[in-house]
Amino acid sequence: MDEQINYNLTNIDTWKRIFFMLIFAAIGGLVRMLLWAVILLQVASTLLTGKANKNILNLGRSLSVYTYHILLFMTFNTEALPFPFSDWNQTAELKMPEK
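If you count the sequence shown from 1, position 60 lands on 59 in numbering that gives the first Met the number 0, and the numbers rise without skipping.
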C-alpha cells in the first residue's frame, strides 16, 4: 500500500496534470470575466435593437463551450487539454463523456 502511494506521489504525469489544472483555473477565471462582458453587451444590444446580436451569440456560445471543456479537464472527465494546448475546433466538437 505504501509503495502505491509513493508511486502516485512521484508520478510525473499527475504533477503535469496539476500544473495544467492551475493554468486552466486562471484561464477559466479570465473567460468567466469575458463572459460577463458578453452578457452585458447582449443585454445592451437587446435593449437597443429589440433582438439578440448574432455575433455576440456566437461568441457567448464559443466561450461557454470552452468553459465546459476546461471544467471537464479539471474534474478528470477528459484527458484532452483545452485550447491553447489543442485546436479551438476540438473544444467545439467536444462530446459529453460517457458515465
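Beta carbons: idealized from backbone N, C-alpha and C, even for Gly.
From residue i to residue j, what does the alpha carbon distance come to, in whole angstroms?
| i | j | result |
| --- | --- | --- |
| residue 2 | residue 77 | 27 Å |
| residue 59 | residue 39 | 11 Å |
| residue 100 | residue 34 | The shown model of the chain, from 0 to 98, leaves out residue 100, and the question about it has no answer. |
| residue 27 | residue 52 | 24 Å |
| residue 6 | residue 16 | 16 Å |
| residue 84 | residue 46 | 38 Å |
| residue 89 | residue 49 | 34 Å |
| residue 103 | residue 13 | The chain is shown from 0 up to 98; residue 103 falls before or after that span and cannot be answered. |
| residue 70 | residue 86 | 17 Å |
| residue 42 | residue 25 | 26 Å |
| residue 32 | residue 20 | 18 Å |
| residue 8 | residue 57 | 42 Å |
Cβ atoms of residue j and residue i: under 9 Å apart, would you say?
| i | j | result |
| --- | --- | --- |
| residue 63 | residue 55 | no |
Within 10 Å of its beta-carbon, does residue i have 16 or more other beta-carbons around it, so buried, or fewer, so exposed?
| i | result |
| --- | --- |
| residue 75 | exposed |
| residue 81 | buried |
To the nearest whole angstrom, what separates the beta carbons of residue i and residue j, a pair I think is in contact under 8 Å?
| i | j | result |
| --- | --- | --- |
| residue 72 | residue 23 | 6 Å |
| residue 30 | residue 66 | 6 Å |
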